[in-house]
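Below you'll find the structure, written out as structure tokens, and then a few comments.
There are 2 protein chains.
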Amino acid sequence: MSEAQIKPDPLYLQVKHHIEEQIKKGVWGAGGRVPSENELIESLGVSKMTVNRALRELAEDGTLVRLVGVGSFVAETKIDIHPLEVRNIADEIAERGHTHSASVERLAEERPSARLASDLGLKQGSAVFHSTIIHLENGEPVQLEDRYVNPEIAPDYLAQDFTATTPAAYLMAVAPIQEVEHFVEALIPGPQITRMLNMADNEPCLVISRRTWAKGKTASGARLYYPGSTYRLGEPKHAYKQGI
Amino acid sequence: MSEAQIKPDPLYLQVKHHIEEQIKKGVWGAGGRVPSENELIESLGVSKMTVNRALRELAEDGTLVRLVGVGSFVAETKIDIHPLEVRNIADEIAERGHTHSASVERLAEERPSARLASDLGLKQGSAVFHSTIIHLENGEPVQLEDRYVNPEIAPDYLAQDFTATTPAAYLMAVAPIQEVEHFVEALIPGPQITRMLNMADNEPCLVISRRTWAKGKTASGARLYYPGSTYRLGEPKHAYKQGI
DNA sequence: TCTACCATGTTGTATATATAACCTGGAGTG
DNA sequence: CACTCCAGGTTATATATACAACATGGTAGA
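First to last, the sequence lines map onto chains A and B. Following this note's numbering, the numbering of the first sequence begins with 1 at its first residue and continues without gaps. Following this note's numbering, the numbering of the second sequence begins with 1 at its first residue and continues without gaps.
Put into structure tokens, the structure is as follows:
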């Protein structure tokens, strides 16, 4: 009657856990490539649909990123942050009574990588606008803004003077935001960004990644680097969704 | 080149949207039963796995509740609320400088329905403890607490005097909470509850549903009815989970 | 009357197979 | 050198089929 009666996990969950295990053990590092469906079928001896479900759910969970025709990759670990409003850094600095200035490091049209095109919901062939801007508060760099913009949303993006008005303000004027998504992570940036932000080597950095949607399309994806900042966390996840 | 090229939704998404549509139109009302997989296969002319995926994802989204051997049902619409702490109503009232009292309306062992057993993660045959308590602030009813408790977590639950100590306090002492889940909804309660809370007919009521987990198991599920209260909302959902 | 059992319907998982859409790299051509 | 095209690998979806686990209601038997 009161036997523990352990029920084994279904196969697709075993596969899922196995992959999570390998990732946690570092066998397949962040950004690295996970074996393809066919390879997993061979090595684990399960059917394609089973592997597919495991990988699909891992992608839904945010553990993997899958690209059709390319492969499955370990996602960078990110912290979900919720109650973060969309603020304009120029306004923020002005509110503190300080003076804002900006230095445009790059402003050009590029061909996005498959990964970037996927993130922005663009076709691989199409072009994307790329801007890199350093925001300064009283002459000190306080934020590096690396932004990719959908040309369909803002065709005249490259012609703007971003020392006078910020990309965020311009985009807001061109196309009102329908939806926003934020992520926060801490990382040690590469030498380029370290130099641009006057940071010491191996100094960690707070990065907020933000995607916005407008007119039903992805409008832009931006990474905002804050040197020497601290965490601001969201609330924990809840695992279950049903009633009572 | 720049053609709009509309790509039709995959079949399982069409099925999903079709069902959501029917629910929204009220064809299949809340709490009501959705056609079984076999029925949908017949009426829509698609395969079992396709229907299964549509229904499974609707269950993941919280739109449906599925029970093995029983059927699929439209979930009650709920609002996800996040930053809600687990408070003891007696403490809350005491903090306001008022006097708390309680009236135990029911305290007994019951056999749970399939739905309730599923929500609490219990086997259908096993028993469950059920308590209904009215909390009064200065003699006025301010909360009706309808609670189901897992006997494995609190075997002596029925022997307690809940006019002296609240169920929440007792459970917290017996087994510390590992995880909590909250939902908020507004509804017009049935005549029984309306009467017990001294409410007018057709007066809406704020209901907080709370599930707690302890020792790796579901500890209890409670519905807390607050007469005449107003909403406290969480933040909007975000649809996407990937980087940049 | 009560109990034990079974038939049936339901969801959940697993497989084998097929097709489509997509990306990448290399071969071939101008 | 630049460009086109194609072959192969990858993910995504769809079907047909089978079996397992579970709930429910009815039926046969004590």
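For every residue, glycine included, the Cβ atom is placed at its ideal position computed from N, Cα and C. As the structure is a prediction and not an experimental result, all values here were calculated from the model.
| Check | Outcome |
| --- | --- |
| Same chain, Cβ closer than 8 angstroms to A/E57, neighbours up to 5 away in sequence not counted | Y12, K16 |
| Close beta carbons around A/V160, own chain, < 7 angstroms, minus the five adjacent residues each side | The sequence shown places Gln at residue 160 of chain A, rather than the Val named in the question. Y170. |
| When A/L122, A/L224, A/W28 are compared against A/I193, the one with the closest alpha-carbon | A/L224 |
| Integer-rounded CB distance, given that A/L64 should sit under 8 angstroms from A/L55 | 6 angstroms |
| B/E145 burial status per 10 Å Cβ neighbour count (16 or more: buried) | buried |
| Buried versus exposed call for A/A75 [16 or more other C-beta atoms within 10 Å across all chains shown] | buried |
| Any 3 or more C-beta pairs closer than 8 angstroms across the stretch 113-124 of chain A and the stretch 88-99 of chain A | no |
| Reduced DSSP category for B/K16 - H, G, I as helix; E, B as strand; rest coil | helix |
| Residues of its chain near B/V149, where Cβ-Cβ distance is below 6 angstroms and the 5 sequence neighbours each way are ignored | F129, Y157, S220 |
| Delimiting residues of the beta strand (DSSP E) encompassing A/L136 | 128-137 |
| Exposed unless 16 or more other CB atoms sit within 10 angstroms - verdict on A/P191 | exposed |
| Chain-order list of residues whose beta-carbon lies under 7 angstroms from that of A/E85 (same chain, five-residue window excluded) | The pLDDT assigned to A/E85 is 49, lower than 50, so where the model puts this residue is not dependable; a value taken from the coordinates is nonetheless given after this. Cβ neighbours of A/E85 beyond the five flanking positions: none. |
| B/A102 versus B/G31: straight-line alpha-carbon distance, rounded | 31 angstroms |
| Distance, A/I208 Cα to A/S131 Cα | 16 angstroms |
| Closest by C-alpha distance to A/E137, when choosing among A/T163, A/G216, A/P189 | A/T163 |
| Alpha-carbon spacing of A/M196 relative to A/P141, whole angstroms | 8 angstroms |
| Under the three-state DSSP convention, the category A/I208 falls into | strand |
| Cβ-Cβ distance between A/I133 and A/V180 below 8 angstroms | no |
| Where A/V34 falls, given that 16 or more other Cβ within 10 Å makes a residue buried | buried |
| Rounded straight-line distance, which links the Cα of B/P167 to that of B/A214 | 15 angstroms |
| Rounded straight-line distance, which links the Cα of A/R147 to that of A/L107 | 10 angstroms |
| A/T99 versus A/H135 - alpha carbon distance | 10 angstroms |
| Alpha carbon of B/W28 to alpha carbon of A/I19, nearest angstrom | 39 angstroms |
| Candidates B/M199, B/T212, B/T218: closest to B/Y226 by CA position | B/M199 |
| Whether B/V51 touches B/E42 by CB criterion (8 angstroms) | no |
| Cα-Cα separation, B/I23 to A/I177 | 29 angstroms |
| Closest by C-alpha distance to B/A154, when choosing among B/R111, B/G69, B/K123, B/K217 | B/K217 |
| Start-end ranges of the beta strand (DSSP E) lying completely within the stretch 137-202 of chain A, minimum 3 residues | 140-149, 179-187 |
| C-alpha distance - B/A127 paired with B/G62, whole-angstrom precision | 26 angstroms |
| Inter-residue Cα distance where the pair is A/N88 and A/T165 | 10 angstroms |
| Boundaries of the beta strand (DSSP E) in which B/R53 is found, first to last residue | Counting along the chain, B/R53 falls outside any beta strand (DSSP E), though it belongs to the alpha helix (DSSP H) covering 48-61. |
| Exposure label - B/S72; buried when at least 16 CB within 10 Å | buried |
| Exposed unless 16 or more other CB atoms sit within 10 angstroms - verdict on B/P8 | exposed |
| Proximity to B/Q143 [Cα-Cα], best of B/P189, B/E60, B/K123, B/E152 | B/P189 |
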